[in-house]
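Please read the structure below before turning to the comments.
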Amino acid sequence: MNSMIRKESQLSIALIQTKDKLYHNINAFLFLMILHLIGYLISSSSGMGYLTGGDYFDMSYRNFSVAPLYVMTIFWMILQGFSFGEEKSRQYYMVSNNFTAYFSDIAVLEIYALTAGLLTLFSGFLIQVFGSLFVGNFMLHSLYASIGISNYLTLWFTGTLYFLIFGTVGYLVGILRSRYRSRFFLGLLLTAVVWILGSILVSYSIQGPVSLDISTVFRFYLNESRFFIWLAKVLLTIAALYGLSYLAVKNMEVNR
Amino acid sequence: MIRCESLTKFFNGTRALEECSFEISGPSITGVIGVNGAGKTTLFKSLAGFLKPSGGNAYVFDQPAFQNIIAAQNVILVDESMEFYPGATLKELIDSYSRFYRNFDVKLAMGLLKYFNLQQNAKYKTLSKGVRATFRLILGLSARAPITLLDEPADGMDPGVRTDLYQLILKDYVKAPRIILISSHYLGEMEPILEDILFIHEGKVLKHDGLEVFESLLIALQGPPDIIELVEKRLKVYEGKNFGEGLRRIVVDKEAYELLDLSEKLRSRLTLQGISPEGSFTHLTRREGGGINELYDS
Amino acid sequence: MFNINFLLIYLVVFLLFGTVAIVSFRFIGSRTPKKLSIGLMLIYGALLLSSPIAAGFIVEDASEREEPLDIPHFYFEEVLVDYENRSLLDLEQDDFLQKIHVTEIPLDIEDFSTDAPLGIRSPEYGHNFSNPLIIEITDTVDQVVITQFTQRIYIDTYNIGHHFEPWDWSVASNELYSTIPTTEINLYNFHPPKLALHFDRELQEKIPSYQNIGFIPREGAIIWIQLPEELEFHYRGGGPWRIKE
C-alpha cells in the first residue's frame, strides 16, 4: 500500500486542475462567440450618430463601434468568474484544496482574459472587412492614420486587464454567494447601504457634491492617461481582488 | 494511516460528531455502521478534508486532513453528492480522474463500464439514480486511492447489481490492498466482505473492532421467566419477549452476562443464542422508550 | 448636495440579466459537443486572424477624402452678399466651395422678347432662407449655363459634397425652373476604440462623440446662372435679387 501513496506538490496539482478546467469548460468560448455575434450585429448602430434632414436632404451618419463587443466580453468574463466561484464543490471530488482550486480558477480566468483581449483586438479588423464588403459608404475615421502597433498593443493590454478585473469581481461574488448562501443578499444590501451612507458622509465633510456611483469608478481607470499610474491602479485593484478572493475561499468547507 | 482524535463537528449548533476516536493503520475493509444521521457522512467528509473539525482532529498519514493536498490526493470519497461537469461524458470523467489520481486504472474503469453496460459517451446527468451510483463506484475503485471512502455505495442500485457490488469491492481490494471504508445502514449485505466494523451512533464511536467481535456482541437468553427476571434486574436488556407461558427471551450484552454473578445451576437452565452483527446493530440503535405498538395502542 | 447612487439599480439589473444569462450559459455549456465548439472556435479564430490582412487589401475610395479646411459655418452667405465682387472663376477657384454640377440649357434667344421674356423663378425649397441664385448676364455664353456650388462639408475627412444630387433645371412655357431632388446619404464611420488611445489624450479627444454639421447642407448652395446678353428675362423669385451685368 505504501507504494500507492502520492505526494505531489500543490503547484503540480493546480496545473492539472487548470488544464482540466480549460478542457471541461471549452464551451465557454462558444458562448463568447455567440455573444460576439450579437455584438457584431448591434455594433452598426451602437455608436453615436445623427440624422439630419430638411426638405430635400436626408442624411444618416452612424458610427460602427466595437463597444458592444467589449460589453459582451465583460459580461462573459463576469459570468465565467461567477460560475467558477460558485461551483467549488465539484472540484473537491477530484484532488483539490482551497489553494489549488483558487490558483487554478485564477489561472483559467487569466487565460480567458488574454484570449478575450486578443479576440476583441481582432474584432475591429473583422468589422472593417465586413463593413467595407457589405456596407455602402463605409469609411474609416482619419484617426486610423495616426495609430500604429503600439496602439494595438495598448488595446490588447488594457482590454485584457480590464477583462481580468471584471472576471475576478464575478469570481469574488460567486465565492461569497457559495460560502454564505442566504446571508449573501443581506451582505449585498449592507454593502449598498454602507456605500450610500459613505457617499453622504463624504459629501457633508467636504461640503461638495460627491458622486460615488459606478461611473465614477470607471472614470478612475478610463480617464487615466498616464501609463504607469494607470498600471499601478489596475494592478493594485487586481491584487486586492485576488487577496479578497483568497480570503473568501480560505478555510471554506465543502458541504453540499 | 487514518486517525481520529476526539473528532467533534457541529453544524449550526447541531452536533454531528462528538469525541470520535479511532485508528486504522493498515489495509482493511471496514464497515462504518450507523443509522441515518449517526454521523457517517460527516466522518467521511472530515477524513476527505472537506470539513473543518469543531474540536479534535482527523488525521490522514499523520497530517490534519482538512484542506491538506497530500490527504486529498490519497483519499477518494464516493458519495451521492459527488458533482461532475454538466456536459461531461463518462469517458471524459474517467480521463479527468486518471489525471488527478496517479494510481488510476483506466483499463479497469473501461472494463467495468462495459461490464455494467454503461456507454462511455453517455453523459452522467442522463443516467438514472442506480446507474449513477454504479458509475461513482467504478470511479472510486479504479482510482486505487490508498484511502477509499464509499458512502452508501449501494443506495439506489438494483438488487442484482448490489450483489456484484460487494464482490467487486472485495476483488479489487485483494488486487490492490488499501484502506476501504464502506458506510451503510444495511450491515447484512456487506457483512461477508468486512474485516472490521466501526459502529457510530448519535455522533459517537460506540465500538471499533473486528467483525468476529460483533458476531458475539449480544446474545439472546431464553428460559423460565423467573430466572430471566433475575438477569433483567441486573443487566441492560435490549429486547424482551414472552413466548407463551413459561418461556421468556431477552437480548443482553454477552460480556456483561459472562461477568454476571449467576450460579451455574441457573445458567444451565438458560439457552444462549448468538445475535448476528446486523441484529446487534438493530438492538444497539433502537430508540429508547416505547415501541411502535405502544404508539398505536395508546 | 448628494448625487443619487445607482448601485442598487446596477445590482438588480445585473442579477436579472445574470440569471437569464446563466441559464442559457448552462444550456450551451452542457449540451454542445466539445468537438463542435472547438471547430467553430477554429473558424472564428481563422476569420479574426486573417481579418487584418483582408482589411489591408480592401481599397478605400480615397477620392472623397480631403484634409478638412477650417471653413466658417456660413461662408456661402458671405459669398452671396459679396456677389458683385465675385466672378464665376473666383468661385471655381475658391477652396471653400465645391462645384456640384454644371447644367447647360440650349435656348433660341429669339423665342423670347420683352413682351415674352424668360421667367426665372427661384426655387421654393425651404422656409425663411434667402434664395441662393446669382444671375450673371454675360457675352461668354450663348445658352443658359447653371453652375451649382456648395460649401464644402466634411464628416471627419470625408467630403460629402460628392453625394449631393444636383438640382434639375429645365425650361417649360417660357419658365426656367428647377426641381430639387432629395439627396440621401448614408454614411458609416468606424473609429478606433478608445482603449487603443488610452494613453494618448490628444488623439482620444478626436474620437467623435457627436457631430453637428451646424446647418442644413442645402443652405450651403450657391447657384450661378449665366445668361446670354441678348436673352430677355424676368426674375420672379424672392429677394434679394442678385443680378450681375
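Residue numbers (our numbering), protein chains in the order written: chain S, 80 to 335; chain U, 6 to 303; chain E, 9 to 253. Glycine included, C-beta positions come from ideal geometry on N, C-alpha and C.
Check, Outcome
"Beta-carbon proximity list for Ala-304(U), same chain, < 6 Å, skipping 5 on both sides", "One cannot answer for residue 304(U) here, as it falls past the ends of chain U, which runs 6 to 303."
"Simplified DSSP state of Gln-106(E), which is helix, strand or coil", "strand"
"Strand pairing of His-206(U), partner residues [DSSP]", "Lys-209(U)"
"Gly-18(U) to Leu-48(U) span [Cα, whole Å]", "17 Å"
"Beta-ladder partner(s) of Thr-187(E), from DSSP", "Asp-176(E)"
"Reduced DSSP category for Ser-147(U) - H, G, I as helix; E, B as strand; rest coil", "helix"
"Where Asp-99(S) meets chain U, residues with beta-carbon distance less than 7 Å", "Ser-101, Arg-104"
"Through-space distance from Glu-207(U) to Ala-43(U), alpha-carbon basis", "5 Å"
"For Tyr-255(E): DSSP bridge partner residues", "Residue coverage of chain E in this structure runs from 9 to 253, which leaves residue 255(E) outside it and unanswerable."
"Secondary structure of His-115(S), DSSP reduced to three states", "helix"
"Through-space distance from Tyr-231(S) to Ala-63(E), alpha-carbon basis", "15 Å"
"6 Å CB neighbourhood of Leu-142(U) in its chain, flanking five on each side removed", "Pro-158"
"Where Ala-311(S) falls, given that 16 or more other Cβ within 10 Å makes a residue buried", "exposed"
"Contact with chain U by Val-328(S), beta-carbon distance below 8 Å", "no"
"Proximal residues of chain U, C-beta to C-beta of Met-83(S) below 8 Å", "Asn-79, Asn-108, Arg-149, Ala-150, Pro-151, Ala-181, Arg-183"
"Beta-ladder partner(s) of Ala-229(E), from DSSP", "Thr-158(E)"
"Residue range of the unbroken beta strand (DSSP E) whose run includes Gln-72(U)", "Here Gln-72(U) belongs to no beta strand (DSSP E), and DSSP marks it neither H nor E."
"Stretch pair the region 186 to 198 of chain S + the region 253 to 269 of chain S: three plus CB contacts closer than 8 Å", "no"
"Chain U within 8 Å of Thr-247(S), Cβ atoms only", "no"
"Leu-186(U) beta carbon less than 8 Å from that of Leu-155(U)", "yes"
"Host alpha helix (DSSP H) of Leu-57(E) (start-end)", "42 to 65"
"8 Å contact criterion, which Ile-34(U) and Ile-205(U) should meet: CB distance rounded", "Wrong, their Cβ atoms sit about 17 Å apart, outside the cutoff."
"Between the CA atoms of Leu-203(E) and Ile-231(E) - distance to the nearest angstrom", "46 Å"
"Members of the region 39 to 57 of chain E near chain S, C-beta cut-off 7 Å", "Thr-40, Lys-42, Ser-45, Ile-46, Leu-48, Met-49, Tyr-52, Leu-55, Leu-56, Leu-57"
"Whole-angstrom distance between Met-138(S) and Asn-136(E), CA atom to CA atom", "No answer about Asn-136(E) holds up, because its pLDDT of 44 lies below 50 and its placement is not dependable."
"Validate contact between the region 71 to 83 of chain E and the region 148 to 167 of chain E using beta carbons, cut 8 Å, 3 pairs", "yes"
"Beta-carbon proximity list for Pro-201(E), same chain, < 7 Å, skipping 5 on both sides", "none"
"Beta strand (DSSP E) segment containing Ala-63(U), residue limits", "60 to 65"
"Helix, strand or coil at Arg-291(U) according to DSSP, with G and I counted as helix", "coil"
"Chain-ordered neighbours of Leu-120(S) on chain E, where CB pairs are closer than 8 Å", "Simply none; closest approach about 14 Å."
"Cβ-based contacts, 8 Å cut-off: residues of the region 201 to 214 of chain E near chain S", "Pro-201, Lys-202, Leu-203, Ala-204, Leu-205, His-206, Phe-207, Asp-208, Arg-209, Leu-211, Gln-212, Lys-214"
"Pairwise C-alpha distance: Glu-166(S) and Val-252(S)", "12 Å"
"Residue range of the unbroken beta strand (DSSP E) whose run includes Lys-98(S)", "Taken as a continuous stretch (DSSP letters only), Lys-98(S) belongs to no beta strand (DSSP E), being part of the alpha helix (DSSP H) at 89 to 103."
"Length of the line joining the Cα atoms of Leu-170(U) and Ala-148(U)", "16 Å"
"Buried/exposed call for Glu-144(E), threshold 16 Cβ in 10 Å", "buried"
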